[in-house]
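Asks: Residue numbers (my numbering): 12 to 313.
By construction, the Cβ of each residue, glycine as well, lies at the ideal position given by its N, Cα and C atoms.
1. Quick check on this structure: which residue in 43, 143, 71, 49 has the alpha carbon closest to the alpha carbon of residue 58?
2. For the stretch 172-186 against the stretch 262-277, are there 3 or more C-beta pairs whose distance is under 8 Å?
3. I'd like the list of long-range same chain contacts for residue 268, defined as Cβ closer than 8 Å, with 5 residues on each side in sequence excluded.
4. List the residues that DSSP assigns as beta-bridge partners of residue 280.
5. Looking at C-beta atoms only, is the number of pairs between the stretch 198-210 and the stretch 137-147 that lie closer than 8 Å three or more?
6. Smallest Cα separation from residue 194: which of 181, 237, 168, 160?
7. Name the DSSP bridge partner or partners of residue 71?
8. Relative to the alpha-carbon of residue 54, which residue among 173, 289, 307 has its alpha-carbon at the smallest distance?
9. Apply the 10 Å Cβ neighbour rule to residue 109 and answer buried if 16 or more other Cβ atoms are within range, or exposed otherwise.
10. Helix, strand or coil: which one does DSSP assign to residue 206?
11. Pick out whichever of 188, 164, 20 has its Cα sitting closest to the Cα of residue 103.
12. Apart from the five residues on each side of it in sequence, which residues of its chain come closer than 6 Å, Cβ to Cβ, to residue 112?
13. Check whether the Cβ atoms of residue 148 and residue 182 lie closer than 7 Å to each other.
14. If we require 4 or more residues per run, which alpha helix (DSSP H) segments fall completely within the stretch 106-155?
15. Considering just the uninterrupted stretch of the alpha helix (DSSP H) at residue 31, what are its terminal residues?
16. So what does DSSP say about residue 162, is it helix, strand or coil?
17. Does the distance from the C-beta atom of residue 286 to that of residue 69 stay below 7 Å?
18. Might you give, ordered along the chain, the residues of its own chain that have their beta carbon closer than 6 Å to the beta carbon of residue 205, omitting 5 neighbours on each side?
19. Considering Cα atoms alone, identify which of 122, 244, 100, 253 is closest to residue 296.
20. Measure how close the beta-carbons of residue 150 and residue 169 come, nearest whole angstrom, since I'm counting them as under 8 Å.
21. So, using beta-carbon positions, are residue 186 and residue 100 closer together than 7 Å?
22. Out of curiosity, what's the CA-to-CA distance linking residue 133 and residue 144?
23. What's the call for residue 13, buried or exposed, on a 16-neighbour Cβ count within 10 Å?
24. Report the residue from 303, 61, 29, 218 whose alpha carbon sits nearest the alpha carbon of residue 280.
25. Can you list, in chain order, the stretches of the alpha helix (DSSP H) that have 4 or more residues and sit fully within the stretch 220-276?
26. Using only the heavy atoms of the ligand GTP, determine whether one of them is closer than 6 Å to the beta carbon of residue 279.
27. Rounded to the nearest angstrom, what separates residue 106 and residue 192 at their Cα positions?
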């Protein structure tokens with residue numbers, strides 16, 4: 012009997028084999044589209060590959076391209092700007108998104124319309140919203156100057172995108188306007204999972220608004236908040252299209268992604284450009300692991 016059943020698969024094994032067979036085309040597609048380019052980029056980053064000097068060939072240079080990053084002042088400035096942009100935008104988006112989620116979670120007339128309308132900025136493509144806000148910031152006919160002038164905040168129209176501080180402020184406002192609704196949507200999903208009985212019990216025990224927020228709302232939404240922070244941090248650190256359209260990296264607003272693109276497509280230095288791309292990949296992967304550690308720790312506690 013054992014010899015007869017030895018070659019037969021159990022029901023669970025048959026399901027697993029069927030699942031792998033059905034996933035094989037998707038896995039193959041992912042391997043071709045995503046995994047191979049990543050591995051190819053890693054390989055190129057260890058070689059000197061400058062298409063302006065094809066006669067030199069593509070010699071192996073080891074970690075020379077990576078060592079160049081630490082001596083490249085422009086790369087250092089771009090990394091610092093990218094980190095600054097990431098911290099400021101994600102922090103503001105978290106605060107505004109949380110406030111918007113709290114409002115949308117309340118019961119009021121027209122709540123469905125508000126929830127749909129708040130997602131419009133997030134639904135607009137980044138390049139389109141960047142062009143729109145670039146028009147708004149125009150120093151002669153832009154609405155941003157007109158509103159500030161009418162409110163008495165400024166005495167004359169300013170060219171916001173022509174200075175370092177003005178460009179950074181404009182980029183932050185645009186990015187927060189576009190992606191804070193996305194943060195609010197993710198946090199709202201966590202708020203809707205909180206039973207109303209918890210708030211009712213807290214009220215009966217004499218807990219105020221601040222106490223209910225600190226001891227009920229924040230702990231119960233920590234998973235949704237961590238997921239939202241994970242997605243937004245990764246997107247903010249890889250920012251490219253927003254800055255490319257609005258400032259082109261001028262006035263000290265060049266991100267590390269734009270610098271990598273410049274090395275690859277303008278200077279045709281594929282070796283150094285690939286090393287910069289790998290650096291972005293490593294940082295993004297490290298950020299993901301940090302957030303996943305806290306998420307896993309949070310799940311293990313529960």
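Replies: On the basis of the data shown:
1. By alpha-carbon distance to residue 58, the top candidate from 43, 143, 71, 49 is 71.
2. Yes, they touch.
3. So the list reads 93, 249, 250, 251, 291, once near-sequence residues are dropped.
4. Checking the DSSP bridge columns, you'll see residue 280 partnered with 61.
5. By the criterion of at least three beta-carbon pairs nearer than 8 Å, the stretch 198-210 is not in contact with the stretch 137-147.
6. Nearest neighbour of residue 194 by Cα position, chosen from 181, 237, 168, 160, turns out to be 237.
7. For residue 71, which the question treats as bridged, DSSP gives the partners 58.
8. The option with the nearest alpha carbon to residue 54 is 289.
9. Residue 109 is buried by the Cβ-count criterion.
10. It is coil, neither helix nor strand.
11. It is 188 whose Cα lies nearest to the Cα of residue 103.
12. Answer for residue 112: 195, 198, 199, 202, listed in chain order.
13. By the CB criterion at 7 Å, residue 148 and residue 182 fall outside the cutoff.
14. Correct list: 122-128, 131-134, 137-147.
15. Residues 22-41.
16. Reduced to three states, the DSSP call for residue 162 is coil.
17. Going by C-beta atoms, residue 286 is not nearer than 7 Å to residue 69.
18. The residues are 231.
19. Closest option to residue 296, Cα to Cα, is 244.
20. Separation of the CB atoms of residue 150 and residue 169 is rounded to 6 Å, and the pair is thereby assigned contact status at 8 Å.
21. Contact: yes.
22. In this structure, the alpha-carbon of residue 133 lies about 14 Å from that of residue 144.
23. Model confidence at residue 13 stands at a pLDDT of 48, short of 50, so the residue's coordinates are unreliable; what they give is reported in the following sentence. In summary, residue 13 is exposed, with fewer than 16 beta-carbon neighbours lying within 10 Å of its beta-carbon over all protein chains present.
24. Of the listed residues, the one whose Cα sits closest to residue 280 is 61.
25. 220-223, 233-248, 252-257, 267-272, all fully within the stretch 220-276.
26. Here there are no bound small molecules, and the ligand GTP is not part of this structure.
27. Spanning the two alpha carbons is a distance of roughly 11 Å.
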